[in-house]
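Notes for the one structure printed next.
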Amino acid sequence: MKLLKSKWTSYNQKANYYNTTYLPEILVSTPTFESIKSMDLSDQFWNMGALTHPDEPWAVNPHVQKGISAYLTVSHCQEELSPVAREARQAIKWAISQESRMVKLLDLLQRENPTDFESELCAKHSCSRLVLDSIYDNLAKKNCLVWMAWNSHCHELLRWSKKYLNMEDPDDRNMEQSWDLVITHCKSMWEKLINQDSIIMELEDHEEYEEEEMLQEEELQTQVENDEDILAGEDEED
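Going by full-length UniProt numbering, the first residue of the sequence shown is number 1, and it counts up by one from there.
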């Protein structure tokens, strides 16, 4: 603190001398020592542009400086949002790929004659066809819950993320259609799993929409916790 006080004293004396001797149009700032101690490093006081380029708007005009600062803030935000948008789309791509594999697996399981894949899978894990079907149903149910929960904001997310990414990849351009196919299959699979027709509830206002979304998230979290408890119990038995 002594060094800072010494530097401030020297600066203050020279700045006051310059202001009183040369009477510049723009006076050199002479803040008090108390102000210096609490001053942020981003404060304009530390910017020497007013001394080195006194005729440049970017150095002396506070409105221009605010505009430059705002532009840099927006640019930095866009740089940060690009990886966020990329990761969000990667998550949706993963879901589309996962559902595609589930559809292929279902096709194998629904064939009248057992396939080599099915026989090898049952033999490898010492399980019957009924157990295999049960495992598939549980996995399909869990996936359906997740995808349907995502669906409330998925299209909005895909449209938003286009602004920050290069859409040269055909898979990126067609993601909304691919996602619609995922949801269509989920609805069909869910009806088959519960042996009931789906009921689509239309929410009248935004508050009801948010409340329903919270309930879906709670239901999904409960389902995940129950699955973890079951797995933990099986590990203890082993």
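Even for Gly, the Cβ is constructed at its ideal location relative to N, Cα and C.
These figures come from a predicted structure and were not determined experimentally.
**OP:** Tell me, please, whether the segment 179-193 touches the segment 139-153 by the rule of three or more beta-carbon pairs shorter than 8 Å.
**Re:** Yes, the segment 179-193 touches the segment 139-153.
Exercise. Excluding five sequence neighbours on each side, which residues of the same chain lie with their C-beta closer than 7 Å to the C-beta of residue 96?
Worked result: The residues are 178, 179, 182.
Secondary structure at residue 40, three-state DSSP: helix, strand or coil?
In this structure, residue 40 counts as coil in the three-state DSSP scheme.
task = Use the C-beta contact count for residue 92: other C-beta atoms within 10 angstroms, 16 or more gives buried, fewer gives exposed.
result = Buried is the call here.
Fill in: Rounded separation between residue 133 and residue 99 - CA only
CA-CA distance, residue 133 to residue 99, rounds to 17 Å.
Open item on the list: Quick check: does the Cβ of residue 164 come within less than 7 Å of any heavy atom belonging to the ligand ATP?
Closed with: Annotation note on the ligand ATP: not contained in the displayed structure, which lists no ligands.
* Asked: Any idea if residue 189 is buried or exposed, counting beta-carbon neighbours within 10 angstroms, 16 or more meaning buried?
  -> Counting the other CB atoms within 10 Å of its CB gives residue 189 a total of 16 or more, which places it among the buried residues.
Where residue 55 sits in the DSSP three-state scheme:
In the structure shown, residue 55 falls within a coil segment according to DSSP collapsed to helix, strand and coil.
Legend entry - Beta-carbon separation (whole angstroms), residue 47 vs residue 30, contact threshold 8 Å: With a beta-carbon spacing of about 15 Å, residue 47 and residue 30 fall beyond the 8 Å limit used to define contacts.
task = Determine the contact status of residue 44 and residue 65, defining contact as a CB-CB distance below 8 Å.
result = It is a contact, given that the beta carbons lie within the stated cut-off.
Review point. Closest Cβ-Cβ distance between residue 61 and chain C: below 8 Å?
Key: Annotation note: the requested chain C is absent from the structure, which comprises a single protein chain.
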